[in-house]
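**Student:** Starting off with a structure, shown below.
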Amino acid sequence: AQSVSQHNHHVILSEAASLELGCNYSYGGTVNLFWYVQYPGQHLQLLLKYFSGDPLVKGIKGFEAEFIKSKFSFNLRKPSVQWSDTAEYFCAVIRSGNTGKLIFGQGTTLQVKP
Amino acid sequence: SAVISQKPSRDICQRGTSLTIQCQVDSQVTMMFWYRQQPGQSLTLIATANQGSEATYESGFVIDKFPISRPNLTFSTLTVSNMSPEDSSIYLCSVEGFTYGYTFGSGTRLTVV
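Protein chains in written order, with the numbering used here: chain S, 4 to 117; chain A, -9 to 103.
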């Protein structure tokens, strides 16, 4: 069965540190990829998505992610985190044409210390 | 992107009772999706709700336990029936948008006691 794995469950960083959150998926066909963020007390928000084209995707709030097809990976990066980035981050994958059936990773809790 | 209103935002319910969760979208959408997030776990798709037809349930979820209504293109309900403590979760509805991915409601945090 298709699955998504996020390597880090809990990450603690100081402000201005660089961030990279790993995401790997198990499906070998064409996929669409997403990163969602959930700030404390708020609902899930889309950070960025990859459907096709340039594998380096830029999202909101300075986040970017790189799709590496050969590694089945879609890692999220940010060069300098802020305290306001404290949140839970979810990677999600959907098979192209498989409307609605997002497969989510377990989530990574990011805590940024001021 | 679509704006989704979900209610209630949270509830505490007695075991054996049922709770109906409402999801209202500010635009017409073909499909609406219901997810569950159990404590400490990721989101799992429960079912897909199309207007005018029965919902399609994922493996492990059945209509008797999670009946869904979809009376029009902007509204859906999910009922959690005959609840047990294992049903304590966050329930979310979602809609698709090609250009903006999938949008989620704010979720309903259900605690069954």
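Where is the CB? At the ideal position from N, CA and C, for every residue including glycine. These numbers come from a predicted model, not from an experiment.
For the beta strand (DSSP E) containing G31(S), list its first residue and its last residue.
**Tutor:** Where G31(S) is concerned, there is no enclosing beta strand (DSSP E), given that its DSSP letter is neither H nor E.
**Student:** Starting from M22(A), follow its DSSP beta bridges and name the residues at the other end.
**Tutor:** DSSP output for M22(A) lists A39(A) and V85(A) as bridge partner(s).
**Student:** Less than 7 Å between the C-beta atoms of K52(S) and G91(A), yes or no?
**Tutor:** Yes, the Cβ-Cβ distance between K52(S) and G91(A) is below 7 Å.
**Student:** Can we say the stretch 85 to 105 of chain S touches the stretch 21 to 32 of chain S, given the rule of at least three CB pairs closer than 8 Å?
**Tutor:** Output reads yes: the stretch 21 to 32 of chain S touches the stretch 85 to 105 of chain S.
**Student:** Per the DSSP calculation, N78(S) is bridged to which residue(s)?
**Tutor:** Bridge partners of N78(S): E69(S).
**Student:** What is the C-beta distance between L35(A) and E48(A), in whole angstroms, given that I count them as a contact (C-beta under 8 Å)?
**Tutor:** Their Cβ separation, rounded to whole angstroms, is 5 Å, which keeps L35(A) and E48(A) in contact under 8 Å.
**Student:** So for D1(A), helix, strand or coil by DSSP?
**Tutor:** It is a strand residue.
**Student:** Nearest-angstrom Cα distance between Y30(S) and V19(A)?
**Tutor:** Rounded to whole angstroms, Y30(S) to V19(A) spans 28 Å at the Cα level.
**Student:** With 16 as the cutoff for other CB atoms within 10 Å, does S66(A) come out buried or exposed?
**Tutor:** Label assigned to S66(A): buried.
**Student:** With distances taken from CA atoms, which of L49(S), T33(S) and S83(S) is nearest T93(A)?
**Tutor:** The shortest C-alpha separation from T93(A) is found at L49(S).
**Student:** Put E23(S) into one of helix, strand or coil per three-state DSSP.
**Tutor:** In the structure shown, E23(S) sits in a strand (DSSP, three-state: E or B).
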